[in-house]
Amino acid sequence: MGEERENPQKLKRIAAAAYDYENDPRWADYWSNILIPPHLSSSADVIDHFKRKFYQRYIDPDLVVEAMSTNGSSQSTKPSASSSSSPPPSNDQPRPRNTGSTSRTSGPSATAGQNPTSVRWDRQTIQFSVNAWVFVVAVLAIIPLVPKNLSIRAYRLSFMGTACSSLYSLYTLYGRPRAWNLQDIQVYLQSIIATKDFIYFIYCLTFVTSNLCLKFALIPILCRSLEHVAKFLRRNFNRSTLYRKYLEDPCVWVESNTTTLSILSSHAEIGLGFLLVVSLFSWQRNIIQTFMYWQLLKLMYHAPVTAAYHHSVWTKIGRTINPLVHRYCPFLNTPLSAVQRWWFR
Numbered sequence: 001m002g003e004e005r006e007n008p009q010k011l012k013r014i015a016a017a018a019y020d021y022e023n024d025p026r027w028a029d030y031w032s033n034i035l036i037p038p039h040l041s042s043s044a045d046v047i048d049h050f051k052r053k054f055y056q057r058y059i060d061p062d063l064v065v066e067a068m069s070t071n072g073s074s075q076s077t078k079p080s081a082s083s084s085s086s087p088p089p090s091n092d093q094p095r096p097r098n099t100g101s102t103s104r105t106s107g108p109s110a111t112a113g114q115n116p117t118s119v120r121w122d123r124q125t126i127q128f129s130v131n132a133w134v135f136v137v138a139v140l141a142i143i144p145l146v147p148k149n150l151s152i153r154a155y156r157l158s159f160m161g162t163a164c165s166s167l168y169s170l171y172t173l174y175g176r177p178r179a180w181n182l183q184d185i186q187v188y189l190q191s192i193i194a195t196k197d198f199i200y201f202i203y204c205l206t207f208v209t210s211n212l213c214l215k216f217a218l219i220p221i222l223c224r225s226l227e228h229v230a231k232f233l234r235r236n237f238n239r240s241t242l243y244r245k246y247l248e249d250p251c252v253w254v255e256s257n258t259t260t261l262s263i264l265s266s267h268a269e270i271g272l273g274f275l276l277v278v279s280l281f282s283w284q285r286n287i288i289q290t291f292m293y294w295q296l297l298k299l300m301y302h303a304p305v306t307a308a309y310h311h312s313v314w315t316k317i318g319r320t321i322n323p324l325v326h327r328y329c330p331f332l333n334t335p336l337s338a339v340q341r342w343w344f345r
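First residue of the sequence shown? That's 1 in the UniProt record's numbering, and the numbers climb one at a time after it.
The structure is reproduced here in structure tokens:
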């Protein structure tokens, strides 16, 4: 199991190292609020460590960030005595974003309002409740014995619940645009467009507004909700007798096989793209939905949080399809080359 977990973490570390921090406005804000001694602020190891922590918080929560090896570096992240009454900004709690209006508070009310533990607990509890509900409803939609009307309603509710969960997560982590004008909205979208929550939000909108009912599309939804539920149960109910007796082994398996679930989701997402292309030849065709979904697949291929898994799936598809095209359908080489240029652009 160690080798199975090491390889995906290696891919995640490579993605974290290759991320363009300088063009992300959140990185400058994050780095300016970290309290470290001046002689360590120029150390490459310290900078890389906090870049990984930034990547874990805002881009890929599954990235494992190890503590810094030196005692001086690890102690340097502690806040000074003058700021001991408030939590350090370098914690893994999401910082509140500036939403365009400022308010001044003082006294005990400000301290109580900025307690990261209570906010984080409330956010996690809400996410757990929504994702547990989504998991139950999605399973209900998949079961063949469920009446058709109930199954279709559960199918749509699964996407609606996941869309609400993703939207709520985006709001708690990134807030809203500073102002409702084109420039600020564009900056805000650039900061969230490569996140997993935004990708799943668009994914759910693509299917919840469609008349085409593809229950195959529930696989990524089930995998996402299952991961959220398992993580919450392990962190908050690990001392419960009921959890230890019935839920501990499934939750441990889920957290140990997140890479397997991500690969399964990637296969399902790409397979859905081809199913939508095939549906264009039926009476249920939807050209706009198919075009939007392939744009989403292109985003998944380039986004750091999903790129590694989609690259591996598309590589397997290329190894299978390209020899057949060259041998039996050489006239398809030109349109395929045009599609590839659009895909990698």
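Beta carbons: idealized from backbone N, C-alpha and C, even for Gly.
Glu255 versus Pro61 - alpha carbon distance
Locating residue 255 in the sequence shown gives position 255, where the first residue counts as 1. Locating residue 61 in the sequence shown gives position 61, where the first residue counts as 1. Cα to Cα, Glu255 sits roughly 13 Å from Pro61.
Assign Arg26 to one of three DSSP states: helix, strand, or coil.
The residue labelled residue 26 in the question sits at position 26 within the sequence shown. Note: Arg26 maps to helix in three-state DSSP.
So Trp342 is in the alpha helix (DSSP H); what residue range does that whole segment cover?
For the purposes of this step, residue 342 is taken as the residue at position 342 of the sequence shown. First-last of the alpha helix (DSSP H) with Trp342: Asn333 to Phe344.
Exposure label - Gly318; buried when at least 16 CB within 10 Å:
The residue labelled residue 318 in the question sits at position 318 within the sequence shown. By the neighbour-count rule (16 or more Cβ atoms within 10 Å), Gly318 is not buried but exposed.
Environment of Gln284 [buried if 16+ CB atoms lie within 10 Å]:
Numbered from its first residue, the sequence shown carries residue 284 at position 284. Its Cβ having fewer than 16 others within 10 Å, Gln284 is exposed.
Of the choices Asp197, Asn149 and Phe159, whose alpha-carbon is the least far from that of Thr172?
As a first step, residue 172 must be located in the sequence shown, where it is residue number 172. Closest option to Thr172, Cα to Cα, is Asp197.
Quick one: is Gln127 buried, meaning 16 or more other Cβ sit within 10 Å of its Cβ, or exposed?
By one-based count along the sequence shown, residue 127 stands at place 127. It counts as buried.
Please report the straight-line C-alpha distance between Phe237 and Trp253, rounded to a whole angstrom.
Taking the first residue of the sequence shown as 1, we reach residue 237 at position 237. Taking the first residue of the sequence shown as 1, we reach residue 253 at position 253. Their backbone Cα atoms lie some 16 Å apart in a straight line.
Can you tell me whether His326 is buried or exposed, with buried defined as 16 or more other CB within 10 angstroms of its CB?
By one-based count along the sequence shown, residue 326 stands at place 326. Sixteen is the threshold: since fewer than 16 other Cβ atoms of the shown chains lie within 10 Å of the Cβ of His326, the residue is exposed.
Return the residue from the list Trp343, Ala338, Cys329 and Ala308 that minimises the CA-CA distance to Ala16.
The count along the sequence shown starts at 1 and reaches residue 16 at position 16. Of the candidates Trp343, Ala338, Cys329 and Ala308, the one whose C-alpha sits nearest the C-alpha of Ala16 is Ala308.
Whole-angstrom distance between Ala44 and Leu214, CA atom to CA atom:
Here residue 214 corresponds to residue number 214 of the sequence shown, with the count starting at 1. Here residue 44 corresponds to residue number 44 of the sequence shown, with the count starting at 1. Pairing Leu214 with Ala44, the inter-Cα distance amounts to about 49 Å.
Evaluate contact between the segment 154-171 and the segment 255-274, counting only Cβ atoms and requiring at least three cross-stretch pairs below 8 Å.
no
Leaving out five residues before and five after Asp184 in sequence, what residues of the same chain have Cβ atoms less than 7 Å from its Cβ?
Mapped onto the sequence shown, residue 184 falls at position 184. Excluding residues within five positions, the ones whose Cβ falls inside 7 Å are Pro177 and Arg178.
Take Tyr188 and list the residues in its own chain whose beta-carbon comes closer than 6 Å to its own, dropping the five residues that flank it on each side.
Counting from one through the sequence shown, the residue named residue 188 turns up at place 188. Cβ within range, chain order: Pro177.
Taking the straight line between their C-alpha atoms, what separation do you get for Leu247 and Trp180?
One-based indexing of the sequence shown puts residue 247 at position 247. One-based indexing of the sequence shown puts residue 180 at position 180. About 45 Å.
Determine the direct distance from the alpha carbon of Pro8 to that of Asn322, and round the result to whole angstroms.
Residue numbering aside, residue 322 sits at position 322 when the sequence shown is read from its first letter. Residue numbering aside, residue 8 sits at position 8 when the sequence shown is read from its first letter. Approximately 27 Å, taken between the alpha carbons.
Can you grab the Cα-Cα spacing for the pair Pro87 / Asn257, in whole Å?
Translated into positions along the sequence shown, residue 87 becomes position 87. Translated into positions along the sequence shown, residue 257 becomes position 257. Only weak support is given to the placement of Pro87: the predicted model assigns it a pLDDT of 41, under 50, and the question is left unresolved by the model.
If you reduce the DSSP assignment to three classes, tell me which class Ser262 lands in.
Taking the sequence shown and counting its residues from 1, one reaches residue 262 at position 262. Helix at Ser262.
Touch check for the segment 52-66 and the segment 297-317: three-plus C-beta pairs under 8 Å?
yes
Going by DSSP in three states, Asp45 sits in which element: helix, strand or coil?
For this step, residue 45 is matched to residue 45 along the sequence shown. Helix at Asp45.
Looking at the structure shown, is Pro89 part of a helix, part of a strand, or coil, going by DSSP?
Walking along the sequence shown from the start, residue 89 turns up at place 89. With a pLDDT of only 43 at Pro89, under 50, the local geometry of the prediction cannot be trusted, and the value read off the model is given with reservation. Three-state DSSP puts Pro89 in coil, outside helix and strand.
Count the other CB atoms, across all protein chains shown, that sit within 10 Å of the CB of Ala338; report buried if there are 16 or more and exposed otherwise.
The residue labelled residue 338 in the question sits at position 338 within the sequence shown. Answer is exposed; the Cβ neighbour count stays below 16.
C-alpha gap between Lys10 and His49, whole angstroms:
The sequence position of residue 10 within the sequence shown is 10, counting from 1. The sequence position of residue 49 within the sequence shown is 49, counting from 1. Their Cα atoms are separated by approximately 15 Å.
On the criterion of 16 or more Cβ atoms from any shown chain inside 10 Å, does Asn211 qualify as buried, or is it exposed?
The residue you call residue 211 lines up with position 211 of the sequence shown. When all chains shown are included, Asn211 counts as exposed.
Determine the DSSP secondary structure at Gly161, reduced to helix, strand or coil.
Here residue 161 corresponds to residue number 161 of the sequence shown, with the count starting at 1. Gly161: helix per DSSP, three-state reduction.
With burial defined as no fewer than 16 other Cβ atoms inside 10 Å of the residue's Cβ, what is the status of Cys329: buried or exposed?
Mapped onto the sequence shown, residue 329 falls at position 329. Classification for Cys329: exposed.
Kindly give me the distance between the Cβ atoms of Phe274 and Ile221, rounded to whole angstroms, as I take these residues to be in contact under 8 Å.
Stepping through the sequence shown from its first residue, residue 274 is reached at position 274. Stepping through the sequence shown from its first residue, residue 221 is reached at position 221. Incorrect: roughly 19 Å between the Cβ atoms, too far for contact.
At what residues does the alpha helix (DSSP H) containing Ala308 begin and finish?
Walking along the sequence shown from the start, residue 308 turns up at place 308. Annotation for Ala308: the continuous alpha helix (DSSP H) segment containing it runs Pro304 to Tyr328.
For Met292 and Ala217, I'd like the C-alpha separation in whole angstroms.
Within the sequence shown, the letter at position 292 stands for residue 292. Within the sequence shown, the letter at position 217 stands for residue 217. Cα to Cα, the separation comes out at about 15 Å.
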